[in-house]
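Q: Numbering (our numbering), first residue to last: 13 to 482.
A virtual CB, placed ideally from N, CA and C, is assigned to each residue, including glycine.
None of these values were measured; they are calculated from a predicted model.
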Amino acid sequence: MREETDYELTDDDLVVETSSGAMRGFLDRGVPNWRGMPYGRVEQRFRPPAPAVPVERIDARHWGPVSWQLPIIPGQTPSTVSPDATESENCLNLNIWSPDPNPGARRPVLVWLHFGSRAYGSGSTSTNDVWHFAARHDAVVVTANYRIGAWGWLYLGALDPDFKDSANLSMLDQIQALRWVKENVAAFGGDPDNVTLFGLSSGSSDVAALLGAPAAKGLFHKAALYSGAQPPMAEERAARFAKDFLEAAGPLAATPRDLARLPNVGLRTIHRRMLKQATAKSHGPAMIRYGPFVDGSVLPRSPLDSLGAGLMSDVPLLVSNVTEESGAWDAWNAIDTAYLRAFPEKDQSLPHREKIDALSELIWVGPAKKLLAAQHKGGAPVWYQQFDYAPSTSWRTVLAYPELANRPVHGADVACLFLDPEGTVGSDEDRAVGAQDQAALLALARDGRVPWTPWTPESPAPHRIGLPAH
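#1: For residue 336, count neighbouring Cβ atoms within 10 angstroms of its own Cβ and tell me buried if that reaches 16, exposed if not.
#2: Would you mind reading off the limits of the alpha helix (DSSP H) that contains residue 476?
#3: With burial defined as no fewer than 16 other Cβ atoms inside 10 Å of the residue's Cβ, what is the status of residue 85: buried or exposed?
#4: Just to confirm, are residue 52 and residue 125 a CB contact at a threshold of 8 Å?
#5: In terms of residue numbering, what span does the alpha helix (DSSP H) encompassing residue 81 cover?
#6: Between residue 170 and the rest of its own chain, which residues show a CB-CB distance below 7 Å, the 5 nearest in sequence each way excluded?
#7: If you check the beta carbons only, do residue 189 and residue 151 fall under 8 Å apart?
#8: Suppose the cutoff is 6 Å on Cβ atoms and the five residues either side in sequence are ignored; what does the same chain contact list for residue 106 look like?
#9: Which two residues bound the contiguous beta strand (DSSP E) that contains residue 415?
#10: Only counting the same chain, and skipping five residues up and downstream in sequence, which positions put a Cβ closer than 6 Å to that of residue 204?
#11: With a CB to CB cut of under 6 Å and the five nearest residues on each side skipped, what residues in its chain are close to residue 149?
#12: Tell me whether residue 468 is buried or exposed, calling it buried when 16 or more other Cβ atoms sit within 10 Å of its Cβ.
#13: Could you tell me the alpha carbon to alpha carbon distance between residue 24 and residue 278, rounded to whole angstroms?
#14: Leaving aside the five residues before and after residue 460 along the sequence, list all residues of the same chain whose C-beta is less than 7 Å from its C-beta, in chain order.
#15: Taking residue 298 as the reference, which of 350, 326, 262, 433 has the closest Cα?
#16: In this structure, how does DSSP classify residue 119 when only helix, strand and coil are distinguished?
#17: Can you give me the start and stop residues for the alpha helix (DSSP H) that residue 8 sits inside?
#18: Which word fits residue 56, buried or exposed, when buried means at least 16 other C-beta atoms lie within 10 angstroms of its C-beta?
#19: Measure the CB-CB distance between residue 305 and residue 226 and report whether it falls below 8 Å.
#20: Going by DSSP in three states, residue 124 sits in which element: helix, strand or coil?
#21: Quick check: residue 111 and residue 201, are their CB atoms within less than 8 Å of each other?
#22: Is it buried or exposed for residue 345, if we count other Cβ within 10 angstroms and need 16 for buried?
#23: Just to confirm the assignment, what range does the beta strand (DSSP E) spanning residue 305 have?
#24: Could you check how far apart the C-beta atoms of residue 229 and residue 330 are, in whole angstroms? I think they sit under 8 Å.
#25: So residue 466 and residue 394 are in contact, right, with Cβ under 8 Å, and what is the actual spacing, rounded?
#26: Considering only C-alpha positions, which residue in the set 421, 399, 352, 270 is nearest to residue 343?
#27: Hey, how far is the Cα of residue 31 from the Cα of residue 101?
#28: Mapping the DSSP letters down to three states, classify residue 431 as helix, strand or coil.
#29: Under a three-way DSSP split, which group does residue 29 fall into?
#30: Does residue 68 come within less than 8 Å of chain D when only Cβ atoms are used?
#31: Leaving out five residues before and five after residue 462 in sequence, what residues of the same chain have Cβ atoms less than 6 Å from its Cβ?
#32: List the endpoints of the continuous beta strand (DSSP E) containing residue 155.
#33: In the DSSP assignment, find the alpha helix (DSSP H) that holds residue 349 and state where it starts and stops.
#34: Across the stretch 309-320 and the stretch 360-369, are there enough close Cβ pairs to call them in contact, namely three or more that are closer than 8 Å?
#35: Going by other Cβ atoms of all chains shown within 10 Å of its Cβ, with 16 needed for buried, is residue 37 buried or exposed?
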């Protein structure tokens, strides 16, 4: 639990010196909070991040810019999960909550990478209220913003050698954020040698990719992945995606240099065109997959190969899946189309739930098991959990999919993970299950251990998170 300070925090206590300048914070429901702190800057589009330029003082009481937001289904408006923040490709900033900025406290640090199919979402949203980790659990928690969509994942090096350094830019942003945390988090009361990286969905897959990045080694010390371990794509696929993106630009852009000069709304327009084309080709809902690829530099080889060889052998790992991962696609009536696309040779008359289970195994559960096996082979302790509960505060309800609110579908666990255990939001059952989910993450962060038997190839069954059986 949080340790109480024996003094009143003053405004001067909430001014913290960092490598980016003096940050003036404020009290968020009584907890010190700093927002929009720059950890880097984008000097040019499709280029790696640069360090932040230090300034004398920054008013860190307001959200910083978030990456440009993109729709994930045709006709949809871009996400509004960050309604109080402006959109900008120069969005390299982060937010910190801490019980108090005592440089000698050395509290465990949690760094959150957000969900959103790498097309929408941010680290600056009330949808994921990380406040309670500092308020109730005596931890320092960090949420980061970084480039997503075409701004963070469009590799143009195969089309123009002048853009050879455009690979995996979102990963480079995340590594830059982790470097800033390592350099500065002690001033906020955190332990730079005890950083736990965690994420949900695409944010979880980002964590999985960073586990295979040599440049990230030593910047985090534990990792927790919630419903996401999809492997990076091959370079050929990344190059083909860039070619398709440029072709979809039509008269907006003929070359990578044109894309680099295009207004941000132009890149969003091209994304919409690709989404519409993919949906027409699939005869049903389709998504544009942004993400990392094995480029020989940021990712020298497959993360699974690197982990199996011991790259992150000193990083304990917690991996979590929900019971009905692919059930989320029922919001778009997409199960039958997705099953046909994934398994064209199989019986299409299978019961609906069996299709959901097969898709869940292919896209979420199977990759999670491979990651567990690789990290175990590399010498690190690993734990596996299954979240089998549908909280009444499910973010799917918040995002207007009430038909999924009573099912443990992809993303349902995030509501419990960010639920204040001493608050009034949610039901008693929600908070009880949330306490289980949070206890595992916090045990990992504090002690490097989770309070149940580790996963092994001989004992692969997941630990169940949910209501006790009656």
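A: Looking at the coordinates:
#1: Numbered from 1 along the sequence shown, position 324 holds the residue referred to as residue 336. Buried, since its Cβ has 16 or more Cβ neighbours within 10 Å.
#2: The sequence position of residue 476 within the sequence shown is 464, counting from 1. If you look at residue 476, you'll find it isn't in any alpha helix (DSSP H); it sits in the beta strand (DSSP E) that goes 475-477.
#3: As a first step, residue 85 must be located in the sequence shown, where it is residue number 73. Under this definition residue 85 is an exposed residue.
#4: Translated into positions along the sequence shown, residue 52 becomes position 40. Translated into positions along the sequence shown, residue 125 becomes position 113. 8 Å or more divides the Cβ of residue 52 from the Cβ of residue 125.
#5: Residue numbering aside, residue 81 sits at position 69 when the sequence shown is read from its first letter. Run containing residue 81: none; DSSP gives neither H nor E here.
#6: Walking along the sequence shown from the start, residue 170 turns up at place 158. The residues are 251, 254.
#7: For the purposes of this step, residue 189 is taken as residue 177 along the sequence shown, with counting starting at 1. For the purposes of this step, residue 151 is taken as residue 139 along the sequence shown, with counting starting at 1. For residue 189 and residue 151, no; Cβs fall outside 8 Å.
#8: Reading the sequence shown from its first residue, position 94 is the one you call residue 106. Result list for residue 106: 49, 51, 154, 156, 189, in chain order.
#9: Within the sequence shown, numbered from 1, the residue matching residue 415 stands at position 403. Careful: residue 415 lies outside any beta strand (DSSP E) and carries neither H nor E.
#10: Indexing the sequence shown from 1 puts residue 204 at position 192. The answer, listed in chain order, is 194, 197, 198.
#11: Position 137 of the sequence shown, counted from the first residue, corresponds to residue 149. Closer than 6 Å at the Cβ level, and outside the excluded window around residue 149, lie 454.
#12: Taking the sequence shown and counting its residues from 1, the one referred to as residue 468 is at position 456. Classification of residue 468: exposed, given that the 10 Å Cβ count is below 16.
#13: Numbered from 1 along the sequence shown, position 12 holds the residue referred to as residue 24. Numbered from 1 along the sequence shown, position 266 holds the residue referred to as residue 278. Rounded to whole angstroms, residue 24 to residue 278 spans 44 Å at the Cα level.
#14: As a first step, residue 460 is located in the sequence shown; it is residue number 448 there, counting from the start. If we look at residue 460 and ignore the five residues flanking it on each side, its Cβ neighbours are 234, 328.
#15: Here residue 298 is taken as the residue at index 286 of the sequence shown, counted from 1. Here the closest residue by C-alpha is 350.
#16: Taking the first residue of the sequence shown as 1, we reach residue 119 at position 107. For residue 119, the secondary structure class from DSSP, reduced to helix, strand or coil, is strand.
#17: Missing from the structure shown is residue 8; the chain here goes from 13 to 482 and no further.
#18: Taking the sequence shown and counting its residues from 1, the one referred to as residue 56 is at position 44. Under this definition residue 56 is an exposed residue.
#19: Your numbering for residue 305 matches position 293 in the sequence shown. Your numbering for residue 226 matches position 214 in the sequence shown. Result no, Cβ atoms of residue 305 and residue 226 do not sit closer than 8 Å.
#20: Start at 1 with the first residue of the sequence shown, and residue 124 comes out as number 112. In this structure, residue 124 counts as strand in the three-state DSSP scheme.
#21: For this step, residue 111 is matched to residue 99 along the sequence shown. For this step, residue 201 is matched to residue 189 along the sequence shown. Note that the C-beta distance between residue 111 and residue 201 is below 8 Å.
#22: As a first step, residue 345 must be located in the sequence shown, where it is residue number 333. It counts as exposed.
#23: By one-based count along the sequence shown, residue 305 stands at place 293. Here residue 305 belongs to no beta strand (DSSP E), and DSSP marks it neither H nor E.
#24: Here residue 229 refers to the residue found at position 217 when the sequence shown is read from its first residue. Here residue 330 refers to the residue found at position 318 when the sequence shown is read from its first residue. Contact annotation, residue 229 with residue 330: C-beta distance approximately 19 Å; criterion of less than 8 Å not satisfied.
#25: As a working note, residue 466 is residue 454 in the sequence shown. As a working note, residue 394 is residue 382 in the sequence shown. Right, their Cβ atoms sit about 6 Å apart.
#26: In the sequence shown, residue 343 corresponds to position 331, counting from 1. Checking every option, the nearest Cα to that of residue 343 belongs to 421.
#27: Walking along the sequence shown from the start, residue 31 turns up at place 19. Walking along the sequence shown from the start, residue 101 turns up at place 89. Taking the straight line joining both Cα atoms gives about 22 Å.
#28: On the sequence shown, position 419 is the one that residue 431 refers to. It is coil, neither helix nor strand.
#29: Translated into the one-based positions of the sequence shown, residue 29 becomes position 17. Residue 29 falls in the strand class under three-state DSSP.
#30: Structure shown: chain D not included; a single protein chain is present.
#31: Taking the sequence shown and counting its residues from 1, one reaches residue 462 at position 450. Within the same chain, residue 462 has close Cβ partners 330, 395, 452, 455, 456.
#32: Position 143 of the sequence shown, counted from the first residue, corresponds to residue 155. Where residue 155 is concerned, the enclosing beta strand (DSSP E) stretches over 152-156.
#33: Working through the sequence shown from its first residue, we reach residue 349 at position 337. Residue 349 -> alpha helix (DSSP H) spans 347-354.
#34: no
#35: Here the question's residue 37 lines up with position 25 in the sequence shown. Classification for residue 37: buried.
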